[in-house]
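Enquirer:
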Amino acid sequence: MPIGFEIDERVAGIARRTTEFVREVVIPEEQACDGNVHAGPEPLRRRLQDAAREAGVFAPHVGAEWGGLGLDLCGQAVVFEAAGYSLLGPLALNCAAPDEGNTHLLEVVATEDQKERYLRPLAAGEARSCFAMTEPAPGAGSDPRALTTTATKIDGGWRIDGRKWFISGADGAAFAICMARTSGGPGDAGGATMFLIPADNPGMKIVRNIDTLDQGLFGGHSEIAFEGCEVADDAVLGEVDQGFAYAQVRLGPARMTHCMRWLGVARRAQDIALERAADRSAFGKPLAELGMVQQMLADSEIDIETGRAVLWRACWELDQGRPAAQHTSIAKTYVSEAVNRVVDRAVQVCGALGISGDAPLSRLYREVRPFRIYDGPSETHRWAIAKRAVRAARERQGTL
């Protein structure tokens, strides 16, 4: 099953424009916020997104019907990596989490009325969103079946009660996509439903914003309480009790778009390390000529290229409409860990500069550590990878 690695001219052109845009427009803006956008500085977001529209790189993932460039996942992989060269790049292109994943979910699942109300402003950058699934213990986390938030049927709608936490982008979001249990109980594999809830609903309140190691996600991470949160029947996204299935529509591609952006971070860190190794001398020669430094630089190139290969394979499978859970788990696990290794090596190559505020590496170092946890920790993905591999081996043995 050969998979081509050719990049068509249109995608290559968008990627080139994105690369130029990030270096000339976005990176100079980094100093304005020191990489900290948890507080959600709206003037910065508006300014960057207006500039992205002018550059012709805004919303590369969104369908043309909704004002985007309509790239498939293989095309997104090239462009999102270019955007990820700056932590602010995906924000500028309106392809940052969680909005990018929510946009895809709404395009696939929402009714036409829901698309006009929620998707259109989201795709245009006029609104932000959040995806409220994760809960405090003992609720849903790595195991979504532990879902405890409930939605009870009432006359003309539903009443939602429960608590969510670590909900990315919630502060300042115009609406939430909330997962709640409509049948069964914690531990059941079904019975979840998604609801669209405007931020002004009095039953949905941000309890607190959570202080985290990373500071680069617009709107931060919040704990949300749903207390007697009443919504109409038309707030249901998709079909009742099908929420877990719809979550996979969102989460598989969203894990890959995370990886795309993360590879941009890795490339930035490696470029800084390469420049430092070429310019800085020690023991009578450039660092780049010292064997141990060469090994670190080489290992990082291997990590980036390998990460890109497993990512592109997963994207190709998804674009073909093929089952891709194994490939997406492999890509998410490998890329999240590889980016950590690349940034760590870059800090080491740069020495004191690497841990100072004079280079962006110390900020990148803090940003990348959570990657191994977000959208499923590495341990959960390895468990799933092993289960699928064992099952496949047993199926092969059964046919011999």
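Numbering-wise (full-length UniProt numbering), the sequence shown opens with residue 1 and increments by one.
Note that CB positions come from ideal geometry on N, CA and C, so glycine has one too.
Bear in mind that the values here come from a model prediction, so they are computed numbers and not experimental data.
Counting only runs that start and end within the stretch 275-345, where is the alpha helix (DSSP H) found for 4 or more residues in a row?
Expert: 291-319, all fully within the stretch 275-345.
Enquirer: Check whether the stretch 287-306 and the stretch 363-372 are in contact - that is, three or more C-beta pairs closer than 8 Å.
Expert: The stretch 287-306 vs the stretch 363-372: no contact.
Enquirer: Taking the alpha helix (DSSP H) that Ser362 belongs to, which residues open and close that run?
Expert: Residue mapping note: residue 362 aligns to position 362 of the sequence shown, counting from 1. It spans Leu361 to Val368 - the alpha helix (DSSP H) in which Ser362 sits, taken as one unbroken run.
Enquirer: I believe Ser222 touches Asp171 by the beta-carbon criterion, under 8 Å. Please report the beta-carbon distance rounded to the nearest angstrom.
Expert: If you number the sequence shown from 1, residue 222 lands on position 222. If you number the sequence shown from 1, residue 171 lands on position 171. Yes, they are in contact, since the Cβ atoms of Ser222 and Asp171 sit about 5 Å apart, within 8 Å.
Enquirer: For the stretch 330-344 against the stretch 100-111, do three or more pairs of beta-carbon atoms, one drawn from each stretch, fall closer than 8 Å, so that the two count as touching?
Expert: As far as the Cβ criterion goes, the stretch 330-344 does not touch the stretch 100-111, which means the pair count is below three.
Enquirer: Along the chain, where does the beta strand (DSSP E) containing Ile197 start, and where does it finish?
Expert: Looking up residue 197 in the sequence shown gives position 197. Segment Ala192 to Pro198, the beta strand (DSSP E) holding Ile197.
Enquirer: So, using beta-carbon positions, are Trp312 and Cys74 closer together than 8 Å?
Expert: Here residue 312 corresponds to residue number 312 of the sequence shown, with the count starting at 1. Here residue 74 corresponds to residue number 74 of the sequence shown, with the count starting at 1. Yes.
Enquirer: For His221, which residues does DSSP report across the bridge?
Expert: On the sequence shown, residue 221 is found 221 positions in, with the first residue counted as 1. According to DSSP, His221 bridges with Ser168.
Enquirer: Buried or exposed: Ala245, going by 16 or more other Cβ atoms within 10 Å of its Cβ?
Expert: Stepping through the sequence shown from its first residue, residue 245 is reached at position 245. Ala245 should be labelled exposed.
Enquirer: If you run the structure through DSSP and keep just helix, strand and coil, what is Ala55?
Expert: Walking along the sequence shown from the start, residue 55 turns up at place 55. Correct three-state label for Ala55: helix.
Enquirer: I'd like the list of long-range same chain contacts for Glu135, defined as Cβ closer than 8 Å, with 5 residues on each side in sequence excluded.
Expert: Counting from 1 along the sequence shown, the entry for residue 135 is found at position 135. Within the same chain, Glu135 has close Cβ partners Gly141, Ala146, Leu147, Thr148, Thr149, Gly162, Arg163, Lys164 and Trp165.
Enquirer: Measuring alpha carbon to alpha carbon, tell me which of Ala124, Tyr118, Cys130 and Asp214 ends up nearest Ala92.
Expert: In the sequence shown, the residue the question calls residue 92 occupies position 92. Closest by alpha carbon: Ala124.
Enquirer: Taking the C-alpha atoms as reference points, what is the distance between Val231 and Val349?
Expert: One-based indexing of the sequence shown puts residue 231 at position 231. One-based indexing of the sequence shown puts residue 349 at position 349. Roughly 54 Å separates the two Cα atoms.
Enquirer: So what does DSSP say about Phe5, is it helix, strand or coil?
Expert: Counting from one through the sequence shown, the residue named residue 5 turns up at place 5. If DSSP states are grouped into helix, strand and coil, Phe5 belongs with coil.
Enquirer: Assess, as a yes-or-no matter, whether the stretch 199-212 is touched by the stretch 345-364 under the definition of 3 or more beta carbon pairs within less than 8 Å.
Expert: At 8 Å Cβ cutoff, the stretches do not touch.
Enquirer: Buried or exposed: where does Leu71 fall if 16 or more other Cβ atoms within 10 Å of its Cβ makes it buried?
Expert: Numbered from its first residue, the sequence shown carries residue 71 at position 71. Answer is buried; the Cβ neighbour count reaches 16.
Enquirer: For Arg345, which residues from the same chain have a beta carbon less than 6 Å from its beta carbon, with the 5 sequence-adjacent residues on both sides left out?
Expert: As a first step, residue 345 must be located in the sequence shown, where it is residue number 345. Excluding residues within five positions, the ones whose Cβ falls inside 6 Å are Met296 and Ser300.
Enquirer: For a quick check, are the C-beta atoms of Asp375 and Arg255 less than 8 Å apart?
Expert: As a position in the sequence shown, residue 375 is number 375, starting the count at 1. As a position in the sequence shown, residue 255 is number 255, starting the count at 1. Going by C-beta atoms, Asp375 is nearer than 8 Å to Arg255.
Enquirer: How long is the line joining the alpha carbons of Glu317 and Val310, rounded to whole angstroms?
Expert: Here residue 317 refers to the residue found at position 317 of the sequence shown. Here residue 310 refers to the residue found at position 310 of the sequence shown. Approximately 11 Å, taken between the alpha carbons.
Enquirer: Helix, strand or coil: which one does DSSP assign to Cys95?
Expert: Translated into the one-based positions of the sequence shown, residue 95 becomes position 95. The answer is coil: DSSP assigns Cys95 none of H, G, I, E or B.
Enquirer: Just tell me which of Val390, Glu379, Asp214 and Ala389 has its CA closest to the CA of Asp143.
Expert: Mapped onto the sequence shown, residue 143 falls at position 143. Measuring from the Cα of Asp143, the nearest candidate turns out to be Glu379.
Enquirer: With burial defined as no fewer than 16 other Cβ atoms inside 10 Å of the residue's Cβ, what is the status of Ala110: buried or exposed?
Expert: One-based indexing of the sequence shown puts residue 110 at position 110. By the 10 Å Cβ count, Ala110 comes out buried.
Enquirer: Where do the ends of the beta strand (DSSP E) carrying Arg181 lie?
Expert: One-based indexing of the sequence shown puts residue 181 at position 181. Here the beta strand (DSSP E) through Arg181 covers Phe175 to Arg181.
Enquirer: Alpha carbon to alpha carbon, what distance is there between Leu263 and Gly216?
Expert: On the sequence shown, position 216 is the one that residue 216 refers to. On the sequence shown, position 263 is the one that residue 263 refers to. Whole-angstrom Cα-Cα distance: 16 Å.
Enquirer: With distance defined between alpha-carbon atoms, name the residue in Phe131, Val240, Thr19 and Leu353 nearest to Leu251.
Expert: For the purposes of this step, residue 251 is taken as residue 251 along the sequence shown, with counting starting at 1. Selected option, being the one with the closest Cα: Phe131.
Enquirer: Can you check whether the C-beta of Thr182 is within less than 8 Å of a C-beta belonging to chain C?
Expert: This model lacks chain C altogether; it includes just one protein chain.
Enquirer: On the CB-based measure, 16 or more other CB atoms within 10 Å of its CB, does Phe5 come out buried or exposed?
Expert: Counted from its first residue, the sequence shown places residue 5 at position 5. So Phe5 counts as exposed.
Enquirer: Measure how close the beta-carbons of Met204 and Ala235 come, nearest whole angstrom, since I'm counting them as under 8 Å.
Expert: As a first step, residue 204 must be located in the sequence shown, where it is residue number 204. As a first step, residue 235 must be located in the sequence shown, where it is residue number 235. About 11 Å; that fails the 8 Å criterion.
Enquirer: May I ask you to report which of helix, strand or coil DSSP gives Arg208?
Expert: In the sequence shown, residue 208 corresponds to position 208, counting from 1. Residue state, collapsed to three classes: strand.
Enquirer: Quick one: grab the DSSP three-state call for Leu400.
Expert: Start at 1 with the first residue of the sequence shown, and residue 400 comes out as number 400. With a pLDDT of 48 at Leu400, under the threshold of 50, the modelled position of this residue cannot be trusted; read the value that follows with caution. Leu400 falls in the coil class under three-state DSSP.
Enquirer: Considering Cα atoms alone, identify which of Trp66, Gly243, Gly354 and Gly184 is closest to Met194.
Expert: Here residue 194 refers to the residue found at position 194 of the sequence shown. Checked all of Trp66, Gly243, Gly354 and Gly184; the closest Cα to Met194 is Gly243.
Enquirer: What does DSSP give as the partner residue(s) for Ser378 in the beta ladder?
Expert: The count along the sequence shown starts at 1 and reaches residue 378 at position 378. Its beta-bridge partners do not exist; DSSP assigns none.
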